[in-house]
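Engineer: Throughout the sequence shown, residue numbering follows numbering that gives the first Met the number 0, covering 0 to 436 in sequence.
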Amino acid sequence: MHSAVPILPGWIFLVLLGQAARVQGVTPDLSRTFVSKIAADMAIVTELSVGDPFVGQQFSIVYRLRAQRAPSAVDIDPQQYPGFWAELVPISQESVSATRPLSEPGVVDYLLRQVVAFPLMEGTLRLPPLSLKIKTSARVSAQRDDWDVAGVSSPVAVPVSPIPPGTRPGPNLPFVGSAEGSMSWEGEAQPVLVLEIQGTANLAWFRPLEWLRPPEGVRLHARLASIDNTAQTIEVEGKRRLSLLQRQRWAISVSGGHPGQHIDDVLLPVFEPGSKVWNDVRIEGINIPETALSARGMEAGAAKAASGAETRLRLLLASRARLVIGLAGIAAGLALLAWLRTKRLRRSQRAEETLATLEKKLRTSPRAFLDSAHKLLEQYAEKAGRTHNLGVEDALLDRCWTTVQRYRFNREPLPANARDDILTSIALLMREPHGGE
């Protein structure tokens with residue numbers, strides 16, 4: 000969700016400007032501006048906050064209409080950003096109405112669209128052109144598509160630099176920018192380990208189990224509890240800069256081990272683009288409290304119950320007739336339990352693989368992501384016997400279906416909150432019996 004927030008801390012602000020510190024009050028200007036003329040008195044202006052970013056580095060893209068008078072209506076086509084992880088930042092009403100006078104008399108810039116992007120690969124990538132239609136007067140026309148000006152900006156080449164190899168490279172795309180985090184226990188009866196992390200580095204590819212190092216005998220299971228992406232606007236010497244501060248909250252269940260064992264510190268390698276150095280962001284480890292290992296007590300109770308069952312079985316051996324019945328019942332029960340456990344494990348594995356595939360498509364093509372989500376929901380609905388009345392009920396499946404259909408069949412870009420709702424809903428549906436079969 001995007002919202003206005005107070006000015007970000009200085010360490011985030013400096014990273015966003017592509018520098019590690021201010022030297023003698025001089026701020027390097029790393030931005031680039033491109034102007035595409037679409038009419039005698041109109042042009043589309045594309046501003047990049049960083050002209051040559053590193054792989055994984057956050058930068059902003061701002062599109063403006065440069066004209067001598069305000070348009071009465073503007074229709075902008077949606078854009079796809081192949082090679083980038085992109086986040087569309089909604090424009091507030093205040094930003095829409097605010098204009099930016101230029102030094103040239105009678106010329107003003109009007110804000111059209113703003114995006115935060117992260118390059119996914121090195122080399123020369125291209126930003127797609129912006130296509131729009133404009134009405135220059137408030138006249139009423141009987142024809143729906145009666146526009147005065149139709150124009151397209153030129154595509155913009157973005158040279159993306161590779162990141163110098165770090166001493167501790169991560170398993171996926173690099174973290175570039177800033178990050179910080181903490182671990183704590185929440186709850187009393189059965190505490191849950193909560194890992195919170197935030198920063199300007201792209202946390203979309205952060206997976207805690209790839210970084211947590213539990214003690215011997217301890218098993219961890221992570222669930223993404225919440226995501227909050229906050230957009231911040233900064234005006235620097237008349238140029239607009241956007242930043243995206245991502246926050247994630249993970250709930251991690253702990254089983255096995257024994258109280259007092261220590262979960263080690265997490266060392267997250269983060270590349271700082273201003274100083275061009277790698278830093279290890281340390282998330283302090285934490286001890287395992289006794290109450291967090293209730294699963295261990297349950298295992299002990301199960302072992303005790305199993306021991307009692309063995310005793311009763313010895314008594315049953317005294318009767319040959321009951322021996323056959325008892326052994327057959329136990330064998331059938333064990334076979335059923337093994338079958339159920341195998342089925343749950345397979346369903347869980349398929350769910351994780353499906354979600355990983357969805358997230359991969361989301362990074363490259365929102366359209367492909369929506370098409371895949373649509374197909375998954377259709378398959379789930381067929382197994383649940385809901386193929387003929389989707390979207391009618393107020394159930395999780397219906398709400399997710401409605402959201403996917405909305406953004407599949409119109410030109411409205413997929414916002415962050417809708418994307419997160421779709422992923423969360425599909426994850427919940429995949430855990431249900433119909434979802435993983």
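For each residue, glycine too, the CB sits at the ideal point set by N, CA and C.
Under a Cβ-count criterion, where at least 16 other Cβ atoms within 10 Å of its own Cβ denotes burial, should Leu-375 be classed as buried or exposed?
Structural biologist: As a working mapping, residue 375 is identified with position 376 in the sequence shown. With 16 or more other Cβ atoms within 10 Å, it is buried.
Engineer: Tell me which residues share the same chain as Ala-38 and place their Cβ nearer than 7 angstroms to its Cβ, disregarding the 5 neighbours each side in the sequence.
Structural biologist: Position 39 of the sequence shown, counted from the start, is the residue given in the question as residue 38. Same-chain partners within the cutoff: Val-148 and Gly-150.
Engineer: Residues in its own chain within less than 7 angstroms of Ile-437 by CB, not counting five upstream and five downstream?
Structural biologist: This structure gives no information on residue 437, because the portion of the chain shown stretches from 0 to 436.
Engineer: Whose C-alpha, out of Ala-69, Tyr-80 and Arg-31, is nearest the C-alpha of Thr-363?
Structural biologist: As a working note, residue 363 is residue 364 in the sequence shown. The candidate whose alpha carbon is nearest that of Thr-363 is Tyr-80.
Engineer: Note down, in chain order, each residue of its chain lying with its Cβ closer than 6 angstroms to the Cβ of Gly-17, except the 5 sequence neighbours on either side.
Structural biologist: If you number the sequence shown from 1, residue 17 lands on position 18. Confidence at Gly-17 is low in this model, with a pLDDT of 40, below 50, so the placement of that residue should be treated as unreliable; the coordinate-derived value is given next. Residues Leu-29, Val-49, Pro-272 and Gly-273 of the same chain have their beta carbon placed closer than 6 angstroms to that of Gly-17, with the five preceding and five following residues left out of the count.
Engineer: Going by C-alpha distance, which of Glu-187, Glu-179, Arg-206 and Thr-45 is nearest Thr-199?
Structural biologist: Counted from its first residue, the sequence shown places residue 199 at position 200. Comparing Cα positions, the closest option is Glu-179.
Engineer: Compute the Euclidean distance between the alpha carbons of Ile-162 and Asp-108, then round it to the nearest angstrom.
Structural biologist: Working through the sequence shown from its first residue, we reach residue 162 at position 163. Working through the sequence shown from its first residue, we reach residue 108 at position 109. C-alpha separation (whole angstroms): 35 angstroms.
Engineer: Can you give me the Cβ contacts of Leu-194 inside the same chain, cut-off strictly under 7 angstroms, excluding the 5 residues immediately before and after it?
Structural biologist: The sequence position of residue 194 within the sequence shown is 195, counting from 1. Its chain contains Gly-180, Met-182, Pro-207, Trp-249 and Ile-251 as the residues whose beta carbon lies nearer than 7 angstroms to that of Leu-194, once the 5 sequence neighbours on both sides are disregarded; these appear in chain order.
Engineer: May I have the straight-line CA-CA distance separating Gln-78 from Gln-113, to the nearest angstrom?
Structural biologist: Within the sequence shown, residue 78 is the residue found at index 79, counting from 1. Within the sequence shown, residue 113 is the residue found at index 114, counting from 1. One C-alpha to the other measures close to 11 angstroms.
Engineer: Per DSSP, what kind of secondary structure is Gln-231 in: helix, strand or coil?
Structural biologist: If you number the sequence shown from 1, residue 231 lands on position 232. The answer is strand: DSSP assigns Gln-231 an E or B state.
Engineer: If you drop the 5 nearest sequence neighbours on each side, which residues of the same chain put their C-beta closer than 6 angstroms to that of Ile-233?
Structural biologist: Within the sequence shown, residue 233 is the residue found at index 234, counting from 1. The residues are Arg-240.
Engineer: Which term fits Val-157, buried or exposed, when burial requires 16 or more other beta carbons within 10 angstroms of its beta carbon?
Structural biologist: Taking the first residue of the sequence shown as 1, we reach residue 157 at position 158. Buried, because 16 or more other Cβ atoms sit within 10 Å of the Cβ of Val-157.
Engineer: Under a CB-based cut-off of 8 angstroms, is Ala-426 close to chain C?
Structural biologist: Absent from the structure: chain C. Only one protein chain is present.
Engineer: Phe-270: which of Gly-176, Ile-226, Phe-205 and Gly-237 sits nearest, CA to CA?
Structural biologist: Against the sequence shown, residue 270 aligns to sequence position 271. Ranking the options by Cα distance to Phe-270, first place goes to Gly-176.
Engineer: Tell me the rounded alpha-carbon separation between Leu-172 and Thr-135.
Structural biologist: Sequence index remark: in the sequence shown, residue 172 carries index 173 (1-based). Sequence index remark: in the sequence shown, residue 135 carries index 136 (1-based). Roughly 45 angstroms between the two C-alpha positions.
Engineer: Give every residue of the same chain whose Cβ lies closer than 7 angstroms to the Cβ of Ile-372, excluding the five residues on either side of it in the sequence, and list them in chain order.
Structural biologist: On the sequence shown, residue 372 is found 373 positions in, with the first residue counted as 1. At residue 372 the sequence reads Ala, which differs from the Ile that was named. Cβ within range, chain order: Leu-357, Val-403, Ile-421 and Ile-425.
Engineer: Which class does Ala-294 belong to by DSSP, given the choice of helix, strand or coil?
Structural biologist: In the sequence shown, residue 294 corresponds to position 295, counting from 1. The predicted position of Ala-294 is uncertain, since its pLDDT is 44 and thus under 50; no value can be drawn from it.
Engineer: How far does the alpha helix (DSSP H) with Trp-400 in it extend, from its first residue to its last?
Structural biologist: Position 401 of the sequence shown, counted from the first residue, corresponds to residue 400. Element bounds for Trp-400: 395-407.
Engineer: Where does Leu-312 land, buried or exposed, given buried means 16+ other C-beta within 10 angstroms?
Structural biologist: Within the sequence shown, residue 312 is the residue found at index 313, counting from 1. Note that Leu-312 has pLDDT 47, beneath the 50 cutoff, so the model's placement of it is unreliable and the number below is only indicative. Under this definition Leu-312 is an exposed residue.
Engineer: Leaving out the 5 sequence neighbours to the left and right, which residues in its chain are closer than 7 angstroms to Leu-427 when beta-carbon positions are compared?
Structural biologist: Numbered from its first residue, the sequence shown carries residue 427 at position 428. Here the set comprises Leu-395.
Engineer: With H, G and I counted as helix, E and B as strand and the rest as coil, what does DSSP make of Leu-428?
Structural biologist: Counting from one through the sequence shown, the residue named residue 428 turns up at place 429. Helix, per DSSP.
Engineer: Using the Cβ count rule (16 or more neighbours within 10 Å means buried), how would you classify Thr-45?
Structural biologist: Here residue 45 refers to the residue found at position 46 when the sequence shown is read from its first residue. Buried, since its Cβ has 16 or more Cβ neighbours within 10 Å.
Engineer: With a threshold of 6 angstroms on Cβ separation, who are the neighbours of Asp-264 within its own chain once the five nearest residues in sequence on each side are excluded?
Structural biologist: Here residue 264 refers to the residue found at position 265 when the sequence shown is read from its first residue. For Asp-264, where only same-chain residues beyond five positions count, the Cβ hits under 6 angstroms are Arg-281, Glu-283 and Gly-284.
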